[in-house]
Amino acid sequence: MKIAIVGATGNVGQRLTAEALSRGHEVTALARKTDGLPEQDNLHVAAADILSDEAASILNGHDAVIYSLRFKDFDYGKAIETFRKSDAPRLLIVGGAASLLSGPGGTALIDTPGFPEEVKIEAEPARQVKNKLVESGTDDWTYLSPSIMIGPGERTGKFRLGDDVVLKDAEGNSHISYEDYAVAMIDEAETPKHQGKRFTVGY
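full-length UniProt numbering puts the first residue of the sequence shown at 1, with every later residue one more than the last.
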């Protein structure tokens, strides 16, 4: 496949790029600053802003586009418009966990008592992006929420997938490594199972 990864120098973006390349895909890594991207076979680096006029042309010709971008103080709506101006058929989004439900039919984590105010600054815009995609009625997107805790770790390839409810292990912990998150995302890029939907990944 030809996959464009926007925000390829970030914590998740680097893992997505490595995972896609390890599977033999051709990757275009798009970021405003590309210093952290070493030269590799099948990796094409594009120093560009996804909100710029020329960004859509960079996305042209790809089988899938992955956005690994911040939500706070960022015009995500325009970024989605950029994708839709291109001829790429699918957009996969590195989403947030706070809009996941605490349980079946339960409350979104962000709305539960004691949810940290400092986290809401990023979490609320992430929820709004997800909601607007759902309301759009289109199915050219997929939004992958991580577990509550995500960070550096091992690539095990062993995890569970869910829908709108947060995943927890037997000890009640909700976590996933950057590396296994990337596995789940590239799996979805290769074999779409959640078109026009949000899903989640956790141990």
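Yeah, the Cβ is synthetic: ideal placement off N, Cα and C, and Gly gets one too.
Looking only at its own chain, which residues have a Cβ that is under 7 angstroms from the Cβ of Phe159, when we skip the five neighbours before and after it?
Reading the sequence shown from its first residue, position 159 is the one you call residue 159. For Phe159, where only same-chain residues beyond five positions count, the Cβ hits under 7 angstroms are Ile176, Asp180, Ala184, Val201, Gly202 and Tyr203.
Do Glu19 and Asn42 have their C-beta atoms closer together than 7 angstroms?
Stepping through the sequence shown from its first residue, residue 19 is reached at position 19. Stepping through the sequence shown from its first residue, residue 42 is reached at position 42. Result no, Cβ atoms of Glu19 and Asn42 do not sit closer than 7 angstroms.
Do you know whose CA, among Arg84, Lys72 and Ala56, lies nearest Leu133's CA?
As a working note, residue 133 is residue 133 in the sequence shown. Checking every option, the nearest Cα to that of Leu133 belongs to Arg84.
Measure the Cβ-Cβ separation of Ser174 and Ser145 and say whether it is below 7 angstroms.
The residue given as residue 174 occupies position 174 in the sequence shown. The residue given as residue 145 occupies position 145 in the sequence shown. Not in contact: Ser174 and Ser145 (Cβ atoms no closer than 7 angstroms).
Please name the residue, chosen from Lys2, Ala4 and Val12, that lies closest to Gly153 on a Cα-to-Cα basis.
For this step, residue 153 is matched to residue 153 along the sequence shown. When only C-alpha atoms are compared, the closest one is Val12.
Looking at the structure shown, is Gly137 part of a helix, part of a strand, or coil, going by DSSP?
Translated into the one-based positions of the sequence shown, residue 137 becomes position 137. Of the three classes helix, strand and coil, the one that applies to Gly137 here is coil, per DSSP.
Is it true that the CB of Leu16 sits closer than 7 angstroms to the CB of Ile5?
Stepping through the sequence shown from its first residue, residue 5 is reached at position 5. Stepping through the sequence shown from its first residue, residue 16 is reached at position 16. It is a contact, given that the beta carbons lie within the stated cut-off.
Taking the straight line between their C-alpha atoms, what separation do you get for Thr112 and Asp73?
Taking the sequence shown and counting its residues from 1, one reaches residue 112 at position 112. Taking the sequence shown and counting its residues from 1, one reaches residue 73 at position 73. Roughly 24 angstroms separates the two Cα atoms.
Using a Cβ-Cβ cut-off of 6 angstroms (strictly less than) and excluding sequence neighbours within five positions of Arg1, which residues of its own chain qualify?
As a working note, residue 1 is residue 1 in the sequence shown. In the sequence as displayed, the identity of residue 1 is Met instead of Arg. The answer, listed in chain order, is His25 and Asp63.
Only counting the same chain, and skipping five residues up and downstream in sequence, which positions put a Cβ closer than 6 angstroms to that of Thr82?
What you label residue 82 is simply residue 82 of the sequence shown in a count that begins at 1. For Thr82, where only same-chain residues beyond five positions count, the Cβ hits under 6 angstroms are Ile50, Ala55 and Ala56.
For the alpha helix (DSSP H) containing Glu26, list its first residue and its last residue.
Position 26 of the sequence shown, counting from 1, holds the residue named residue 26. Element bounds for Glu26: not the alpha helix (DSSP H) but the beta strand (DSSP E), Glu26 to Ala31.
Would you list, in sequence order, the uninterrupted beta strand (DSSP E) runs of no fewer than 3 residues that lie entirely inside the region 23 to 103?
List check, beta strand (DSSP E) in window: 26 to 31, 43 to 47, 64 to 67 and 91 to 94.
Using the C-alpha atoms, what's the distance from Glu171 back to Asp87?
To locate residue 87, count along the sequence shown from 1; it is residue 87. To locate residue 171, count along the sequence shown from 1; it is residue 171. Whole-angstrom Cα-Cα distance: 45 angstroms.
Along the alpha helix (DSSP H) that carries Ile176, what are the first and last residues, could you check?
For the purposes of this step, residue 176 is taken as residue 176 along the sequence shown, with counting starting at 1. Unbroken run through Ile176 is the beta strand (DSSP E), His175 to Ser177; no alpha helix (DSSP H).
If we call anything under 7 angstroms between Cβ atoms a contact, is Arg198 one with Lys120?
Locating residue 198 in the sequence shown gives position 198, counting from the first residue. Locating residue 120 in the sequence shown gives position 120, counting from the first residue. No, the pair does not count as a contact, with Cβ atoms beyond the cut-off.
Can you tell me whether Ser99 is buried or exposed, with buried defined as 16 or more other CB within 10 angstroms of its CB?
For the purposes of this step, residue 99 is taken as the residue at position 99 of the sequence shown. Buried.
Among the residues of its own chain, which have a CB less than 6 angstroms from the CB of Ala182, if the five just before and after it don't count?
Sequence index remark: in the sequence shown, residue 182 carries index 182 (1-based). Result list for Ala182: Arg15, Leu16 and Glu19, in chain order.
Is it buried or exposed, Glu188, if we count other Cβ atoms within 10 angstroms and call 16 or more buried?
Translated into positions along the sequence shown, residue 188 becomes position 188. Glu188 should be labelled buried.
For Arg160, list the residues DSSP reports as bridge partners.
Mapped onto the sequence shown, residue 160 falls at position 160. Gly202, per the DSSP bridge assignment.
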